[in-house]
Structure formats: C-alpha cells, structure tokens
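Colleague: In order, the protein sequences belong to chains V and W.
At position 113 of the first sequence the residue is numbered 1392 (the numbering used here), and the sequence of numbers has no breaks.
At position 182 of the second sequence the residue is numbered 185 (the numbering used here), and the sequence of numbers has no breaks.
Each residue gets a CB set at the ideal place from its N, CA and C atoms; glycine is no exception.
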Amino acid sequence: MQQIWQGILQGLRLLFTGDPALWRIILLSAKVSGAALLISAVMGIPLGAILGLVKFPGKRLIQAAIYTGMGLPPVVVGLAVYLLLSRNGILGPLNLPWVPELFTVPAMVLAQVILATPLVAGYTMTAVAEVDPALRLQMQSLGASHAQSLLAVLREAHLGVIVALVGGLGGIISEVGAVMMVGGNVEGSTRVLTTAIMLETRRGNFDLAIGLGFVLLLLAFLINVGAAHLLGKEH
Amino acid sequence: MAPVFRLESAKKSYAGRTVVDIDRLEIDPGEFLAIVGPSGAGKSTLLRLLNFLEYPDSGKIYYAGQASSPALPLELRRQVTTVFQRPVLLRDNVENNVAYGLRLRGLRDCHAEVRAVLGRLGLGKLHRAQARSLSSGEAQRVALARAIVLQPAVLLLDEPSANLDPYNIGLIEDMLREIHQAGRTTVLLVTHNIFQAKRLAQRTALMLEGRIIEISPTSEFFENPRDRRTRAFVNGEMIY
Ligand SMILES: Nc1ncnc2c1ncn2[C@@H]1O[C@H](COP(=O)(O)OP(=O)(O)OP(=O)(O)O)[C@@H](O)[C@H]1O
Ligand SMILES: [Mg+2]
C-alpha cells in the first residue's frame, strides 16, 4: 500500500518537474495518435457521410465491414501490419519508398489509422443517418443545390462528428497491442505511454508506471472535457 | 397570360400505388389557389412535385414553360419555395434559420430583412432563440418566415396554420393576403380549414385520391359546387 502512495507521489513529481524521459513519451503518444486521428478523420468522415446519406448496392456489406472494424482487437491489427511491413512480409521486401519500416513511428501511425478509421466512419455514419431525412428536401426547397443540401445535413450532424473523433482518439490513445507489435517499444524512438506503462510495471518501477498511468488518464479526461465543452456550447 | 404551372397527365406512384394523377391543371401567375381534400389525397405530394423535389413518373409538369426534371436550372427552382406541413429547422438560432435561403443566394448581410419578417410574424423577441427550443406554433411561423423572406415567385403552403391559435392564424392570413396582393406572388395553399380557403383563395380545388375533382372560383366552389363529392366535402358529409 505504501509503495503505491509513494509511486503516485513520485509519478506526480516526475510529471511536474518536467522529467525529460517522461515528457518525450507523452509527446510521442500525442504525436502518433494525433497523426493517426487526423488521417482517420480525412478518410473516415467522408466515408461515414456517404454511407449515412447515399443508397447504393453493396452498402450493407461495407457497413458490416465498418462495424466489424469498430471492434477490431488491436493486437490483431498489430499482427496484420507486422506481416505487411516485416522484411519477410508482404510489402516489406519490395522496398517501396512510401512503405514505412517496422519499429518506426510511421508504422505505429499506420496501425492506429487502421484502428481509428472504422470508429470515425461508423460514428459519423450514425450521426448523419440520424438527421431528419425531411431536412434535405426542405433545404432544397429554400434554394439549396444538391451539394448544398448535403452540406446542411453534415453541419446538422457535426456534434456526432465530434463524438466520432473523440471515440476514434479514445480507441487509439489507450491501446497497447498494436503499438507494441509494430513499434516495439524502443526507448527514445517508439516508446509511448501504454507500452511504457507495461514495461515499467514489469520492471517493478511502479512510481514511473503510476506517473505514466496518471498522465494517460488525465489525457483521456481532458479529451472528454474538451468534447463535452464543444457539445455543451450548442445547448 | 401564360400559366405558371401546367400539368399534363402528371402521375406519381409510390410502390405501385398512384398517389397523384392529374389530367390537366393550369395555375395562373399571381393567383391564390387553395387545395382542399381529405387526408391522404395526395396534396403534399402534389406540392413536392410543384417544388421540383420529386418528378412525375409519367406526364409533364411545366414551370414557366420548362418541363420539371432533374435538369431544371437552379435559378428557376429558386423561384418556388414551400412551407412544409412538418417543418424541420436547422439546429441553429431562429435568425440563422430565416437567413439560410438568402445566404444561399449570396446575400451575406441580411439582418434587416430577417428582422423585418420576424417582426411581422410576432417573432421579434425570438431571433436569438435556438430553433429546437421553439413551440410548434413558433416553429411553424419560423418556417413561414424563412420562405417569405425569399420573396418567391411561387409560394407553396402546406397547412401553414395547423398549429396556430386564432390570433396567429389571423396574423399570417393577413400577411399572406398582403404578400399576394403586393408582390404578384402566386400562392398555393393546402388547408384542411375550408373557411381559410374561403377567406383567402380566388380559386379552390378539391383533391381526392390523387385527382382534382373540381376546381372553380372560390365562391362558386362553396356555394354552388358542380360535383356531388365537392358538395359532400364542403358540408362535412364526405365518407372516406
Ligand atoms: N415517400 C412516400 N413513400 C410512400 N408513400 C408515400 C410517400 N409520400 C406519400 N405517400 C403516400 O401517398 C399518399 C398521399 O400522401 P400525401 O402526403 O400527399 O397526402 P396529403 O393529402 O398531404 O394528406 P394529409 O392531409 O394527411 O397531409 C398517402 O397515402 C401516403 O401514404
Ligand atoms: Mg399532407
């Protein structure tokens, strides 16, 4: 019990004295998951919007794939990306310039993009589909072109899109399976919050592990407070 | 004078059931036409067709001489607007809801126009209110405001006073009369209230199972109907 309290105090001290190792890990986590979320947003928001609005053959299949993707176990994604990028894998041996190497930041971003895109697309799809279908015709009646009426629907769904982004970020900032497998937890280059917590716990460095855990919780909390603030402004 | 709308054998079906089936109908520029008829007669569907939101499955609807189709240019579409039976407002304040159509037309600064219309409809104090917080009667007046602020050539109204109290019904009826007299606006009013049709319209039509049964000058329609079904409807004796 005492050890835990000491750990918490020590963790907080490291955090607030600006311990460089700790802060490097925090910043890398933010960088990897931030970049992954940005890419996922660019792909997932339009995809979700189209699926929420447009009818086309095969839509149900894509929807089912997205729902499956929303629950992908991170380790499985890690394994897939590992097999894709490894030297003996699928893309690895081709030495293509745009294919990232294993145990690098871009490889971790790739894995997290695969995890977050279905989340962003799925939540966006739901939000867009929930907008009253009568809205589009009414906006067209007021003079909106087809594109303008679609835009109105998207704007109407923007709260849901915020939820989609928070959901996507929540899904990747706290996952450990994928970043561990494709990042490798290399000190100073691919060590992020979750992998560091695992390592430090195993080593018995509970103070550092607790400090890191505290930061992760704080981050998740801040993200949700920010989102709640955005959502709250509308009501 | 060339008619604003001309319908020729215009038919619309949903899932194989014909909902609108109008052999011939001409609507004159500047006229005030009321359409009455029982629930499910196809009145709202007819308005969607006239607003180019849907297209006839067969036959033609001409607006200003041009056939309604997805290719109808936006400038022509923008001359016609509808106040819907169940208005859906944007998740925004009242003012922005009313400004929406004007902004689409490139008008950035439209405070004055918006405020004026809101004032006329007794909504002056609500301009900053969130649309979602309005009562249904207020929402209905906002829907009317966002349409008439556009000064459309054709105004289609689907039960615009269904949720209103007598004072507000009087208010919007005065306003519709004014718009009609001042702006050479063609007005089509769908209403369940035959007294409202009597008060406002120059011509009245009875719609039944997708067809126009009778269309005549309002006084004739009510006092001397040609069709026995019109007589039954006007006397409240129609059995659906
Ligand atoms: N999008 C649609 N899909 C299928 N059926 C429809 C659709 N729109 C209307 N209908 C059907 O067409 C018929 C006419 O509907 P419409 O809304 O035009 O009637 P209405 O005269 O406006 O009735 P009310 O007075 O109750 O508003 C109804 O039987 C309705 O169920
Ligand atoms: Mg109707």
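Cβ closer than 9 Å: which chain A residues qualify as neighbours of Y103(W)?
Modeller: Absent from the structure: chain A. Protein chains present are V and W.
Colleague: Does at least one heavy atom of ligand 2 sit under 7 Å from the Cβ of K15(W)?
Modeller: No, since every heavy atom of ligand 2 falls outside the 7 Å radius drawn around the Cβ of K15(W).
Colleague: Return yes when the Cβ of L1326(V) is within less than 8 Å of the Cβ of V1407(V), no when it is not.
Modeller: Their beta carbons are not under 8 Å apart, which means V1407(V) does not touch L1326(V) by this criterion.
Colleague: Just grab the DSSP bridge partners of I216(W) for me.
Modeller: DSSP, once it has assigned bridges, lists no residue as partnering I216(W).
Colleague: Measuring from the CB of V91(W), is there a heavy atom of ligand 1 at a distance below 7 Å?
Modeller: Not so, every heavy atom of ligand 1 lies at least 7 Å from the Cβ.
Colleague: Going by beta carbon distance, what residues of the same chain come within less than 7 Å of L1370(V), once the five residues before and after it are set aside?
Modeller: Taken in chain order, the residues that qualify are L1363, L1364, V1378.
Colleague: Just grab the DSSP bridge partners of F225(W) for me.
Modeller: F225(W) pairs with nothing; no bridge assigned.
Colleague: State the start and end residues of the unbroken alpha helix (DSSP H) segment that holds R1415(V).
Modeller: Start and end: 1413-1420.
Colleague: Kindly list, in the order they appear in chain W, the residues whose Cβ is closer than 8 Å to that of Q1427(V).
Modeller: Simply L107.
Colleague: Could you tell me which of A1395(V), S1468(V), L1375(V), A1390(V) sits nearest to L1444(V), measuring between CA atoms?
Modeller: Selected option, being the one with the closest Cα: A1395(V).
Colleague: Whose C-beta lies closer than 6 Å to the C-beta of M1322(V) among residues of the same chain, with five residues either side of it excluded?
Modeller: Closer than 6 Å at Cβ, skipping near neighbours: T1396.
Colleague: Quick one: does A1523(V) have its CB under 8 Å from some CB of chain W?
Modeller: No answer is possible for residue 1523(V): it lies beyond the span of chain V, which begins at 1280 and ends at 1514.
Colleague: Identify whether Y58(W) lies in helix, strand or coil by the three-state DSSP scheme.
Modeller: Reduced to three states, the DSSP call for Y58(W) is coil.
Colleague: Considering only DSSP beta bridges, list what R17(W) is partnered with.
Modeller: According to the sequence as given, residue 17(W) is Tyr; it is not Arg. Y17(W) is bridged to R20(W).
Colleague: Ligand 1 heavy atoms versus the CB of S139(W): any closer than 7 Å?
Modeller: Result no, Cβ not under 7 Å from ligand 1.
Colleague: Please tell me whether, using a cut-off of 7 Å, the distance from the CB of A146(W) to the nearest non-hydrogen atom of ligand 1 is below it.
Modeller: No; taking the cut-off as 7 Å, the Cβ of A146(W) has no heavy atom of ligand 1 nearer than that.
Colleague: With ligand 2 as the reference, list in chain order each residue whose Cβ lies under 7 Å from any of its heavy atoms.
Modeller: Listed along the chain, these residues meet the criterion: K46(W), S47(W), Q88(W), D161(W), E162(W), V193(W).
Colleague: In the DSSP output, which residue or residues are listed as bridge partners for V83(W)?
Modeller: Answer is V157(W).
Colleague: Nearer than 7 Å: is that true of the beta carbon of A329(W) relative to any heavy atom of ligand 1?
Modeller: Here chain W covers residues 4 to 243 and nothing more, so residue 329(W) does not appear.
Colleague: Could you give the DSSP three-state label for I25(W): helix, strand or coil?
Modeller: Of the three classes helix, strand and coil, the one that applies to I25(W) here is strand, per DSSP.
Colleague: According to DSSP, is I172(W) part of a helix, a strand, or is it coil?
Modeller: Helix.
Colleague: Using CA coordinates, which residue listed in D95(W), Y58(W), A74(W) is at the minimum distance from K1512(V)?
Modeller: Nearest C-alpha to K1512(V): D95(W).
Colleague: With 16 as the cutoff for other CB atoms within 10 Å, does Y1402(V) come out buried or exposed?
Modeller: It is buried - the Cβ of Y1402(V) has at least 16 other Cβ atoms within 10 Å.
Colleague: Checking 8 Å against the spacing of the C-beta atoms, do L158(W) and V190(W) come in under that value?
Modeller: Contact: yes.
Colleague: Considering only residues of the same chain and omitting the five flanking positions on each side of G1256(V), which have a CB-CB separation below 8 Å?
Modeller: No information on residue 1256(V) is available, as it lies outside the stretch 1280 to 1514 that chain V covers here.
Colleague: I'd like to check one pair, E226(W) with R2(W): are the Cβ atoms closer than 8 Å?
Modeller: Given that chain W is displayed from residue 4 to residue 243, the structure contains no residue 2(W) and the question cannot be resolved.
Colleague: Taking the beta carbon of R27(W) as the centre, do at least 16 other beta carbons fall within 10 Å, making it buried, or is it exposed?
Modeller: With fewer than 16 Cβ atoms within 10 Å of its Cβ, R27(W) is classed as exposed.
Colleague: Using 8 Å as the Cβ pair cut-off and three pairs as the minimum, do the stretch 30-44 of chain W and the stretch 208-215 of chain W touch?
Modeller: These segments touch.
Colleague: List, in order along the chain, the chain V residues whose C-beta lies closer than 7 Å to that of L54(W)?
Modeller: Correcting the residue identity first, residue 54(W) is Asn in this sequence and not Leu. The answer, in chain order, is S1420.
Colleague: So which residues of chain W does L1291(V) contact, with C-beta pairs closer than 8 Å?
Modeller: What L1291(V) touches in chain W: nothing, since even the nearest Cβ is about 42 Å away.
Colleague: Let's see if you can read the secondary structure: which residues bound the alpha helix (DSSP H) around M1387(V)?
Modeller: Residues 1384-1408.
Colleague: With which residues is M210(W) paired in a DSSP beta bridge?
Modeller: Answer is I215(W).
Colleague: Measuring straight from C-alpha to C-alpha, what distance separates E217(W) and Y65(W)?
Modeller: Those two C-alpha atoms are separated by around 21 Å.
Colleague: Between the alpha carbons of A1436(V) and V91(W), how many angstroms are there, rounded?
Modeller: Whole-angstrom Cα-Cα distance: 14 Å.
Colleague: Can you give me, in chain order, the residues of the stretch 1389-1419 of chain V that have a beta carbon less than 8 Å from any beta carbon in chain W?
Modeller: The residues in question are D1411, A1413, L1414, L1416, Q1417, M1418, Q1419.
Colleague: Mind the definition here: the stretch 1490-1502 of chain V touches the stretch 1295-1314 of chain V only if three or more C-beta pairs lie below 8 Å; say whether that holds.
Modeller: The answer is yes - the stretch 1295-1314 of chain V touches the stretch 1490-1502 of chain V, with three or more Cβ pairs under 8 Å.
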